[in-house]
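Heads up, the thing below is written out as structure tokens.
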Amino acid sequence: MGLSCIKMLVLNVRDSKQDEVAAAAAALDLIKNKQVQAIIGPEASLQADFIIDLGNKSHVPIISFSATSPSLSSIRSPYFIRATQNDSSQVNAISAVIQAFGWKELVLIYVDNQFGEGIIPSLADALEEADTQVSYRSLISPSATDDQILQELYKLMTMQTRVFIVHMLPALGSRLWPKQKSSMQGVLGIKTYIPDTPNLHNFMVRWKMKFQQDNPSILNPTLNIFRYWAYDAARALAMAVEEMGMANSTFHMLKASTSATDLDNIGISQNGHKLLLELATTTFTGLAGNFWLVDGQLESSSFHIVNINGNAARGIGFWTLDDVLPRDL
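When the count follows the UniProt record's numbering, it moves up by one through the sequence shown with no breaks and lands on 329 for the last residue.
So this is what it looks like as structure tokens:
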């Protein structure tokens with residue numbers, strides 16, 4: 001990010017505390033009282049619906065680097081920018097792996113909320129095209145107890161199907177895996193392929209030095225892909241602002257109000273539409289690869305197929321946009 005970009009951006013940070021109501025209140029405060037020109041966030045898809053509505057109403061772009069649920073649409077919500085991959089972008093890679101192994105029947109296990117359910121329609125379509133039958137769908141509540149998880153796993157063990165597709169967030173997945181580890185013969189995973197570039201290497205060197213200065217007791221810190229997308233989202237916003245040459249921020253207030261949470265008077269950003277157009281045409285090579293928005297969301301990239309053994313993951317192939325697996329599985 002260039003120095004001129006940094007000078008043109010002033011950050012107002014709010015903590016949503018992983019709560020939908022707190023996230024909505026924070027976004028409303030930023031738009032109404034701080035008159036921000038864009039919001040980077042929220043982190044979770046469950047927090048995004050109301051905030052996206054606020055963005056549409058106020059013409060303030062909402063840029064999320066981690067709201068992956070397909071139920072969130074940039075087409076229906078023009079001021080929503082998904083600077084991350086839509087969950088449904090991975091279904092063809094999953095289907096390709098299923099076909100490569102010749103599996104004809106499987107069970108879907110997913111978290112019982114918007115995140116879990118969002119991918120299911122497109123995944124079901126991809127599996128149907130691959131002539132693979134879904135024999136059972138197991139929905140697990142994000143608040144399920146260990147006993148409830150075990151009860152559901154025992155039910156699955158009585159079934160003949162021995163191939164499972166699991167889709168859930170790490171908080172729940174980390175509780176599921178140890179309970180079924182002893183009965184598994186192997187685990188395959190799919191993750192976004194991140195090219196190892198000099199830019200990424202140099203960034204990680206700088207970041208680790210800074211992190212360990214601030215946190216000397218934490219050894220070998222790492223970043224997941226969402227942190228790369230967060231960096232790229234901030235860079236894209238800075239580049240768009242610099243391209244606009246936006247010197248000041250203005251809001252058109254519809255009517256006078258003293259209420260900090262008055263939805264009828266959050267105002268309309270006079271720069272929002274121009275900023276949205278600049279973001280739509282901003283392209284560069286970021287930490288996570290090419291940054292390029294198509295219909296308001298990050299264009300899908302290649303996926304890395306990995307074999308998970310204990311705490312280690314070994315790459316065994318790739319899926320590309322050409323719908324091929326270049327390396328034999």
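Every residue gets a Cβ at the ideal spot worked out from N, C-alpha and C, and that includes glycine.
The beta carbon of Arg14 sits closer than 6 Å to those of Ala26, all from its chain and outside the five residues before and after it, given in chain order. Cβ-Cβ distances below 8 Å link Gln114 to Ser45, Leu46, Ser69 and Ser71 in the same chain, with the five nearest sequence neighbours on each side left out; the list follows chain order. Per the Cβ contact rule, the segment 181-200 is not in contact with the segment 24-38 (fewer than 3 Cβ pairs under 8 Å). Residue nearest to Ser174 within the set Ala144, Phe211 and Met157 is Ala144 (criterion: CA-CA distance).
Per the C-alpha coordinates, the member of Phe65, Gln35, Asp19 and Val36 positioned closest to Phe50 is Asp19. Every alpha helix (DSSP H) stretch that sits fully inside the UniProt domain "Receptor ligand binding region" (181-311) and reaches 4 residues is listed by chain position as 198-214, 225-244 and 272-280. Around the C-beta of Asn92, 16 or more other C-beta atoms lie within 10 Å, and the residue is accordingly described as buried. Cβ-Cβ distances below 6 Å link Leu9 to Ala238 in the same chain, with the five nearest sequence neighbours on each side left out; the list follows chain order.
The beta carbon of Lys208 lies closer than 8 Å to those of Pro221 in the same chain, with the five residues before and after it left out. Check the Cα spacing between Ser95 and each of Pro142, Ala171, Ala126 and Ile266: the tightest is with Ala126. Rounded to the nearest angstrom, the gap between the Cα atoms of Thr132 and Val111 is 21 Å. Ser138: member of the beta strand (DSSP E) spanning Gln133 to Ile140, first to last residue. Looking at the DSSP output, Ala313 bridges to Ile308. Residue nearest to Gln37 within the set Ser269, Phe203, Gly315 and Phe303 is Ser269 (criterion: CA-CA distance).
In this structure Ile140 is not in contact with Leu188, their Cβ atoms being roughly 20 Å apart against a cut-off of 8 Å.
Contact check for Leu223 against Ile165 fails: the beta carbons are separated by 8 Å or more.
Taking C-alpha positions only, Lys34 is separated from Asn86 by approximately 30 Å.
By the Cβ-count criterion, Phe284 is exposed, with fewer than 16 other Cβ atoms from all chains shown falling within 10 Å of its own Cβ. Looking from the CA of Leu275, the closest CA among Ser300, Asp53, Asn12 and Val60 belongs to Val60.
In the DSSP assignment, Arg76 is bridged to no other residue.
In the DSSP assignment, Glu152 falls outside any beta strand (DSSP E) and within the unbroken alpha helix (DSSP H) covering Asp146 to Met157. Counting C-beta atoms within 10 angstroms of its own C-beta, Glu128 has fewer than 16 neighbours from the protein chains shown and is therefore classed as exposed. Close CB contacts of His273 within its chain, under the 7 Å cut and outside five residues either way in sequence, are with His59 (chain order). About 4 Å separates the beta carbons of Ile63 and Ile81, which is inside the 8 Å limit, making them a contact pair.
Around the CB of Ser217, fewer than 16 other CB atoms lie within 10 Å, so the residue is classed as exposed.
The beta carbon of Met244 sits closer than 8 Å to the beta carbons of Asn271, Lys274, Leu275 and Glu278 from its chain, once the five residues preceding and following it are set aside; these are given in chain order. In this structure Arg235 is buried. Its beta-carbon is surrounded by 16 or more other beta-carbon atoms within 10 angstroms.
Lys57 and Pro170 have their alpha carbons spaced roughly 33 Å apart.
For Ser58, no beta strand (DSSP E) run applies; the uninterrupted alpha helix (DSSP H) run containing it begins and ends at Ala48 to Ser58, by DSSP. Within the DSSP secondary-structure output, Val111 pairs in a beta bridge with Ile140.
Burial is judged here by how many other beta carbons sit within 10 angstroms of a residue's own beta carbon; Gly118 has at least 16 and is buried.
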